[in-house]
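Notes to accompany the following structure.
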Amino acid sequence: VHCTSEYSKITPLEGGEIHTSLVNGRPGVEKPSLELQKFTRARYVRLRLISPRTLNADLMIINRQTHRIDRSVTMRYFYSISDISIGGQCICYGHAESCPSDPVTGQFKCECRHNTCGESCNRCCPMFNQLPWKPGTHEHPNSCQQCQCFNHADSCVYDEELDNNKWSITPEGVYEGGGRCVDCK
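Residue numbers (this note's numbering): 6 to 190.
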């Protein structure tokens with residue numbers, strides 16, 4: 006949640022522009038991190054206009070009679086927003102370089118890399134679960150690793166017990182990871 010009353014000043018009353026950034030001043034802005042990605046993630050944005058500046062109009066005196074303060078004046082105030090622009094990007098967890106829109110649906114979809122699958126590259130592809138899925142970073146892509154099923158299965162799942170006991174073998178012949186082949190033929 007990013008709340009601010011910074012823009013509640015008297016000026017500008019009209020024709021003003023407000024620019025705000027969620028990342029300015031945040032740790033990790035120079036070198037994006039998973040923590041910064043989580044902080045800036047937003048799906049539903051709400052602008053809450055709590056009360057307009059009245060310049061004490063509710064205290065206006067009618068015909069110089071101090072006992073007749075017109076409190077209805079504030080009900081005649083309103084907000085006017087002419088344009089709202091919100092920029093964003095797809096949430097691909099560091100596993101895509103682009104996120105084009107589908108020409109049919111108009112939905113944006115990550116073009117997944119690193120053997121990841123899903124709308125947001127949020128899981129490993131069926132034969133690449135030798136290690137658990139992790140988001141990619143600038144330093145480490147955290148690519149999903151292929152399971153060794155010797156062409157006897159079309160998918161595998163990560164099994165923590167296999168990983169802990171070094172019972173799973175990689176295509177390179179190393180006992181590491183926890184890939185368990187599913188529905189072997």
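Glycine is no exception: its CB is placed at the ideal position from the N, C-alpha and C atoms. Small disclaimer: the values here were computed from a predicted structure and weren't measured.
query = How is the alpha helix (DSSP H) around residue 181 delimited, first residue to last?
reply = Counted as a single uninterrupted DSSP element, the stretch harbouring residue 181 is not any alpha helix (DSSP H), since DSSP gives it neither H nor E.
query = Which whole-angstrom value is the C-beta distance of residue 152 and residue 186, which I expect to be below 8 Å?
reply = Contact flag correct, Cβ pair sits at about 6 Å.
inquiry  = Please report the straight-line C-alpha distance between residue 156 and residue 189, rounded to a whole angstrom.
reply    = Cα to Cα, the separation comes out at about 9 Å.
request  = Measure the CB-CB distance between residue 134 and residue 162 and report whether it falls below 8 Å.
outcome  = Yes, the pair counts as a contact, with Cβ atoms nearer than the cut-off.
query = Who pairs with residue 23 in a beta bridge, going by DSSP?
reply = Its beta-bridge partners do not exist; DSSP assigns none.
query = If you compare alpha carbons, which of 104, 36, 183 and 115 is closest to residue 154?
reply = Nearest to residue 154 by C-alpha distance, out of 104, 36, 183 and 115, is 183.
message = Which residue wins for smallest C-alpha separation from residue 138, given the options 24, 99, 173 and 174?
response = Checking every option, the nearest Cα to that of residue 138 belongs to 99.
request  = Sort out for me which residues DSSP pairs residue 128 with in a bridge.
outcome  = Bridge partners of residue 128: 122.
request  = In the DSSP assignment, find the alpha helix (DSSP H) that holds residue 35 and state where it starts and stops.
outcome  = If you look at residue 35, you'll find it isn't in any alpha helix (DSSP H); DSSP assigns it neither H nor E.
inquiry  = Going by beta-carbon coordinates alone, are residue 115 and residue 104 separated by less than 8 Å?
reply    = Yes, Cβ-Cβ distance for residue 115 and residue 104 is below 8 Å.
request  = Just mark residue 101 as buried or exposed, buried being the case when its beta carbon has 16 or more other beta carbons within 10 Å.
outcome  = When all chains shown are included, residue 101 counts as buried.
ask   = Counting along the chain, where does the beta strand (DSSP E) carrying residue 163 start and finish?
value = That run of the beta strand (DSSP E) goes 160-163.
query = Helix or strand or just coil, what does DSSP make of residue 155?
reply = Residue state, collapsed to three classes: coil.
query = Between the beta-carbon of residue 95 and the beta-carbon of residue 113, is there less than 8 Å?
reply = In this structure, residue 95 sits near residue 113, with a CB-CB distance shorter than 8 Å.
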